[in-house]
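Protein chains: 2
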Amino acid sequence: MVNKILKSMSPTETEILRLVWELKEATVQQIRELLPSERKLAYNTVQTLLSRLEQKGYLNHRLEGKAHVYGPAIKQRDVIKTTVSDFLSRLFGGDPKPLVQFLAEDGKIDEDDINRLRELINKSKNSK
Amino acid sequence: MVNKILKSMSPTETEILRLVWELKEATVQQIRELLPSERKLAYNTVQTLLSRLEQKGYLNHRLEGKAHVYGPAIKQRDVIKTTVSDFLSRLFGGDPKPLVQFLAEDGKIDEDDINRLRELINKSKNSK
DNA sequence: AGTTATCTCCTACAAGTGTAGTATTAATGG
DNA sequence: CCATTAATACTACACTTGTAGGAGATAACT
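If you read the sequences in order, they're chains A and B.
If you number the first sequence the way this note's numbering does, the last residue is 112 and the count never jumps.
If you number the second sequence the way this note's numbering does, the last residue is 112 and the count never jumps.
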């Protein structure tokens, strides 16, 4: 079991964590630059968010010069797993099908996506 | 456009709203009974949550005797749409594919689900 | 009628969240 | 060396959230 019980992330924290993942590792500046222009947070705000994520155990940092370089303290996959599960259980009582169905009906995923999915499923069935 | 801009729901509020959907309409008591036994909230707590959901525009209520009977003020589908979109954008930058992929890899959806999905997609393609 | 069970309404309150200011310090460009 | 720049650390503060207590009204039981 890889599961420490983590304090849950707030929505904004989640946004920030995703950006760290995107860059693998990042400083406050870099995250700030990655923020979409319609959502520029103050430097200090980003700093606070990163540090809260660290307190909660999602990130850690090393020093590089005077700057903190933040990186994942937990595997992305594990975070996704619990985050998605929580979401699923709150909005759909834990059943993923309505979610996938919604995605399909809403045109968010198309037939090609589905074909790729099928492969994935077969692959993981065989490797099991 | 059906979109009023709603204040977003907190996680617990989302849980409660889902239960209202499940019952179509519900009183505080009924919601309380639906709560899983490991998560019994006080009567007043449920009441607060329902009333906050109403303030935020997700629910409305009518009187039946002295009790409030709460029901959806917005179509479930619309709520799901924005909730899922928000979630997607926070955790995956808006791209649904990693989500679906995760669900598949994690065994949350299987090949049958996918087949049903395919039908759905074809149906909506034709009706478009 | 008095007691009990239900309800709503109003209030509370600590912890979490979003968002950032101020102080301090270290590096850097002249 | 000194002003500017770029970082962190610490502090702040209103709003939201989770969770519920108490007061008061009404219906129902005895």
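Don't be surprised by glycine CBs; every beta carbon is placed ideally from N, CA and C.
Presumed contact (8 angstroms Cβ cut-off) between residue i and residue j, rounded CB distance
i, j, result
"glycine 78 (chain A)", "arginine 2 (chain B)", "That belief does not hold up - the Cβ atoms of glycine 78 (chain A) and arginine 2 (chain B) are roughly 10 angstroms apart, past 8 angstroms."
"leucine 75 (chain A)", "isoleucine 64 (chain B)", "7 angstroms"
"glycine 41 (chain B)", "lysine 8 (chain B)", "Contact doesn't hold; Cβ gap of about 18 angstroms is too wide."
"leucine 68 (chain B)", "aspartate 97 (chain A)", "The sequence given here places valine at residue 68 (chain B); leucine does not occur at that position. About 16 angstroms separates the two Cβ atoms, so there is no contact after all."
"threonine 11 (chain A)", "valine 53 (chain A)", "6 angstroms"
"alanine 88 (chain B)", "leucine 101 (chain A)", "5 angstroms"
"leucine 187 (chain A)", "isoleucine 0 (chain A)", "This structure leaves residue 187 (chain A) out entirely; chain A is present only between -15 and 112."
Within chain A, partners of residue i - CB distance below 8 angstroms
i, result
"proline 56 (chain B)", "Per Cβ cutoff of 8 angstroms: no residues; proline 56 (chain B) is ~14 angstroms from chain A at best."
"arginine 2 (chain B)", "Arg74, Leu75, Phe76 and Gly77"
Partners in chain A for residue i, counting only beta-carbon separations shorter than 7 angstroms
i, result
"glutamine 13 (chain B)", "Residues of chain A passing the Cβ test: none, with the nearest at roughly 20 angstroms."
With 16 other Cβ atoms within 10 Å as the buried cut-off, status of residue i
i, result
"glutamate 22 (chain A)", "exposed"
"leucine 34 (chain B)", "buried"
"glutamate 95 (chain B)", "exposed"
"arginine 46 (chain A)", "exposed"
"alanine 51 (chain B)", "exposed"
"lysine 59 (chain A)", "exposed"
"lysine 112 (chain A)", "Because lysine 112 (chain A) carries a pLDDT of 47, less than 50, the predicted location of this residue cannot be relied on, and the following value inherits that uncertainty. Exposed."
"lysine -9 (chain A)", "exposed"
"lysine 24 (chain B)", "exposed"
Any C-beta of chain B under 8 angstroms from that of residue i
i, result
"leucine 75 (chain A)", "yes"
"threonine 29 (chain A)", "no"
"aspartate 96 (chain A)", "no"
"isoleucine 105 (chain A)", "yes"
"glutamate -1 (chain A)", "yes"
"arginine 102 (chain A)", "yes"
Residue i versus residue j - alpha carbon distance
i, j, result
"threonine 29 (chain A)", "proline 80 (chain B)", "28 angstroms"
"tyrosine 27 (chain B)", "glutamine 13 (chain B)", "7 angstroms"
"threonine 32 (chain B)", "serine 73 (chain A)", "21 angstroms"
"leucine 118 (chain A)", "leucine 43 (chain A)", "A question about residue 118 (chain A) goes unanswered here, because the residues of chain A that appear run from -15 up to 112."
"arginine 61 (chain B)", "aspartate 90 (chain A)", "10 angstroms"
"glutamine 39 (chain A)", "proline 82 (chain B)", "27 angstroms"
"asparagine 106 (chain A)", "isoleucine 105 (chain B)", "21 angstroms"
"threonine -4 (chain B)", "glutamate 103 (chain B)", "34 angstroms"
"glycine 49 (chain A)", "alanine 57 (chain A)", "21 angstroms"
"aspartate 70 (chain B)", "methionine -7 (chain A)", "14 angstroms"
"valine 4 (chain A)", "arginine 16 (chain A)", "11 angstroms"
Residue i: contacting residues in chain B (beta-carbon distance under 7 angstroms)
i, result
"alanine 88 (chain A)", "Leu101, Leu104 and Ile105"
Contact set between residue i and chain B, taken where Cβ atoms lie within less than 9 angstroms
i, result
"valine 68 (chain A)", "Phe71, Leu75, Leu83, Phe86, Leu87, Asp90 and Lys92"
Interface residues of chain B facing residue i [CB-CB closer than 8 angstroms]
i, result
"lysine 8 (chain A)", "None at all; the shortest Cβ gap to chain B is about 15 angstroms."
CB contact check: residue i to chain A, cutoff 8 angstroms
i, result
"isoleucine 64 (chain B)", "yes"
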